[in-house]
Amino acid sequence: MKYKFIKDGIFYAGMNDSGRLIFDELIPLDNGTSYNSYIVKGSEKTAVIDTMYPKFTKEYIDSFDENGITKVDYIIANHGEQDHSGSIPALLEKFPSALVVTNAVCAKNIQEMLLVPEDKIKIVANNEELSLGDKTLKFIISPGVHWPDTMFTYIKEDNIICTCDFLGAHYTFDDVFAVPSKELEKSAKKYFAEIMMPFSNVCRKYVKQLQDLKVDMILPSHGPIHKNPDYILNLYEDWAGEKGKNLVLLPYVSMYKSTEEMIDYLSEKLKEKGIPSIKYDMVDGNLGDLAMALVDGTTIVLGTSMVLAGPHPAAFNTVYLASVLRPKAKIASFIGSYGWGGNLFGKMAEMLAPLKLDVIEPIMVKGKAKADDYLKLDNMAEIIYSKHKELGLI
Ligand code: FEO
Numbered sequence: 030m031k032y033k034f035i036k037d038g039i040f041y042a043g044m045n046d047s048g049r050l051i052f053d054e055l056i057p058l059d060n061g062t063s064y065n066s067y068i069v070k071g072s073e074k075t076a077v078i079d080t081m082y083p084k085f086t087k088e089y090i091d092s093f094d095e096n097g098i099t100k101v102d103y104i105i106a107n108h109g110e111q112d113h114s115g116s117i118p119a120l121l122e123k124f125p126s127a128l129v130v131t132n133a134v135c136a137k138n139i140q141e142m143l144l145v146p147e148d149k150i151k152i153v154a155n156n157e158e159l160s161l162g163d164k165t166l167k168f169i170i171s172p173g174v175h176w177p178d179t180m181f182t183y184i185k186e187d188n189i190i191c192t193c194d195f196l197g198a199h200y201t202f203d204d205v206f207a208v209p210s211k212e213l214e215k216s217a218k219k220y221f222a223e224i225m226m227p228f229s230n231v232c233r234k235y236v237k238q239l240q241d242l243k244v245d246m247i248l249p250s251h252g253p254i255h256k257n258p259d260y261i262l263n264l265y266e267d268w269a270g271e272k273g274k275n276l277v278l279l280p281y282v283s284m285y286k287s288t289e290e291m292i293d294y295l296s297e298k299l300k301e302k303g304i305p306s307i308k309y310d311m312v313d314g315n316l317g318d319l320a321m322a323l324v325d326g327t328t329i330v331l332g333t334s335m336v337l338a339g340p341h342p343a344a345f346n347t348v349y350l351a352s353v354l355r356p357k358a359k360i361a362s363f364i365g366s367y368g369w370g371g372n373l374f375g376k377m378a379e380m381l382a383p384l385k386l387d388v389i390e391p392i393m394v395k396g397k398a399k400a401d402d403y404l405k406l407d408n409m410a411e412i413i414y415s416k417h418k419e420l421g422l423i
């Protein structure tokens, strides 16, 4: 593997994992992912910023010989999760005199998760600097994007920042520099939805910090490098913003189409009022698409059939995901159909309670919707319209 040139003394030593189909065993990947590692060669010392996913450790370690790197002085661990820290033990074996440089929280993580000996770790404080000779690394401790142990490494003389998971994308590439495209934007948005959205308020803080810093390049630990930082910072400004769009999400599961017919009817009524909606099949749908829609949706109306006196299990899955991803949705309701009875919405409403949503009266029907149920759906569409108008979305 030949390293890719980024700037004098700075190289990309990462790898594409184009065969990876799912991340965290949760979100399907459309474009695989990359695990980015960077080499920074100063006039006196050499540092490696983040390492490699364990599956590729051998190839990664061999790459140092292939690229003529005979000495590593510092291994910078921006984050302890093993897709970036997993090859630290092997790298320490290859370069026994190297020190792992990280913050106190990450130091504990890599000691416990990777058994890195304490005496091999140099702990740095926020804004501390480390000289490599003609290059200086400055560490900006940045907890919460997305673990409490994260930090950014700023290469001062080059005005380049390595942001680890923050501003990344699950995306593979040949050219290491980002070429803006719909596909890249979609991958970055799905990645944001799953990994960063629960920490949107923290994201806003760091977006502002990086905007103020006016960096020349952003080097994340997944996905391509941003030579135009505004591209990804502007996207994050939108995605992590507090206000949703004039959009209703309609996740549904329907055993005999009764629920789906009501979802379709509501979608049509919303459309007549100028409110777009996204219908999402909770059984066959791609969870990543739902997560991505949650970045923008202001209202969620979930439709479910009754299964054994309660909601369909797929509905619980979606409600759980929505509750942990902490989307910017403000309004919610439920639609459902039952055969003989039960409690369709109670437990789901409880699960969503931490989101403090404004809940519109749910609609539950026995079997097919009748004329008065359609009137209730008309009313629900009207209420959603009024609330979106109050929020300034229409
Ligand atoms: Fe890409 Fe949090 O690791």
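When the letters of the sequence shown are read in order and numbered with our numbering, they come out as residues 30 to 423. Glycine is no exception: its CB is placed at the ideal position from the N, C-alpha and C atoms.
| Query | Result |
| --- | --- |
| Could you give the first and the last residue of the continuous alpha helix (DSSP H) run that contains Ala-154? | That residue, Ala-154, is in no alpha helix (DSSP H); it is neither H nor E in DSSP. |
| For Phe-34, count neighbouring C-beta atoms within 10 Å of its own C-beta (all shown protein chains included) and say buried if the count is 16 or more, exposed if not. | exposed |
| Would you identify the three-state DSSP class for Phe-124, choosing helix, strand or coil? | coil |
| Using 9 angstroms as the threshold, is the C-beta distance between Glu-95 and Lys-36 below it? | no |
| Just list the alpha helix (DSSP H) runs in the stretch 275–304, keeping only unbroken ones of 4 residues or longer that don't cross its boundaries, in chain order. | 287–301 |
| Just the Cα atoms here: how many angstroms apart are Ile-247 and Lys-298? | 44 angstroms |
| Who are the near neighbours of Leu-58 in its chain, counting only those whose CB is closer than 7 angstroms to its CB and skipping five residues on each side? | Arg-49, Leu-50, Ile-51, Phe-52 and His-199 |
| In three-state DSSP terms, what is Asn-45? | strand |
| Can you list the residues near the ligand FEO, meaning Cβ strictly closer than 5 angstroms to any non-hydrogen atom, in the order they appear in the chain? | Glu-110, Asp-112 and Asp-194 |
| Enumerate, from N- to C-terminal direction, the unbroken beta strand (DSSP E) stretches of 3 or more residues contained entirely within the stretch 181–216. | 189–193 |
| Use the C-beta contact count for Gly-38: other C-beta atoms within 10 angstroms, 16 or more gives buried, fewer gives exposed. | buried |
| Give me the residue from Tyr-285, Ala-400 and Ile-413 with the minimum Cα distance to Ser-366. | Tyr-285 |
| Please say whether Ile-78 and Thr-182 have beta carbons closer to each other than 9 angstroms? | yes |
| Does the distance from the C-beta atom of Glu-54 to that of Leu-161 stay below 9 angstroms? | no |
| Could you check how far apart the C-beta atoms of Asp-259 and Ile-189 are, in whole angstroms? I think they sit under 8 angstroms. | The Cβ separation is near 15 angstroms, so there is no contact. |
| Counting C-beta neighbours from all protein chains within 10 Å, is the total for Asp-267 16 or more, i.e. buried, or is it exposed? | exposed |
| In its own chain, which residues sit with a C-beta less than 7 angstroms from the C-beta of Phe-93, not counting the 5 before and 5 after it? | Lys-123 |
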